[in-house]
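Numbering (full-length UniProt numbering), first residue to last: 1 to 136.
The beta-carbon is built from N, C-alpha and C at its ideal position, and this holds for glycine as well.
Just below is one structure, and these are the notes that go with it.
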C-alpha cells in the first residue's frame, strides 16, 4: 500500500481534529421493539387493561376509503369496557382488498349458525290444531 492511500484511510477514521485518537464512530443504539413493548404493557397494566384472547383480525375503517388491518393483534380491554387497545403489525389496505375476507368470515358465521339451528331441531314442525276456531 502506498503512503498517500494509507494517510487517506487514517483521516477517514479520525473523529476529531489533529492529535485525537483514531476511533471508529459508534452509532447510537436504536430502541428495541421489546423495550417499547414492555413500556406499553406496563402502562396498560397501570390503566387496568386486561388482554382479550381469540381476536383473529381487526379492521379500522377510515373516511377516505382505506382500512387499517391488523392480523392476529394483541387486544386489550380497559376497565369498564370504555377503552380498547389494539397493538400489532398494521397494514393499510383498500376496502376492495378486504371484501373477500369479510364475505368469507360472514359465510363461516352463517354456516355455523345454520349448523347449530339444525342440531337444535324439533321446533320446525307445524303444531297440530287442538280445536277449530270456526266451531265457537
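Element boundaries [alpha helix (DSSP H), containing residue 3]: Bounds of the alpha helix (DSSP H) holding residue 3 are 3 to 13.
Those residues which DSSP pairs with residue 51 across a bridge: Paired residues: 76.
CB of residue 105 within 8 Å of CB of residue 88, strictly: Not closer than 8 Å, so no.
Test item: CB-CB of residue 69 and residue 98 under 8 Å: The Cβ atoms of residue 69 and residue 98 sit closer than 8 Å to each other.
Residue range of the unbroken alpha helix (DSSP H) whose run includes residue 46: Per DSSP, residue 46 belongs to the alpha helix (DSSP H) from 33 to 46.
Proximity of residue 44 and residue 85 at Cβ, strictly below 8 Å: Going by C-beta atoms, residue 44 is nearer than 8 Å to residue 85.
Selection from 82, 67, 74, 11 that minimises the alpha carbon distance to residue 54: Taking only the C-alpha atoms, the option nearest residue 54 is 74.
Rounded separation between residue 130 and residue 119 - CA only: For residue 130 and residue 119, the distance between alpha carbons rounds to 28 Å.
Residue 57 to residue 6 span [Cα, whole Å]: Residue 57 and residue 6: Cα-Cα distance of roughly 58 Å.
Nearest-angstrom Cα separation, counted from residue 82 out to residue 65: The straight-line gap from Cα to Cα measures roughly 26 Å.
Residues that DSSP places opposite residue 105 in a beta bridge: DSSP, once it has assigned bridges, lists no residue as partnering residue 105.
Cα-Cα separation between residue 48 and residue 39, rounded to whole angstroms: So the two alpha carbons sit approximately 14 Å from each other.
Spatial distance of residue 31 from residue 52 (CA atoms): In this model, residue 31 and residue 52 are separated by some 27 Å (Cα to Cα).
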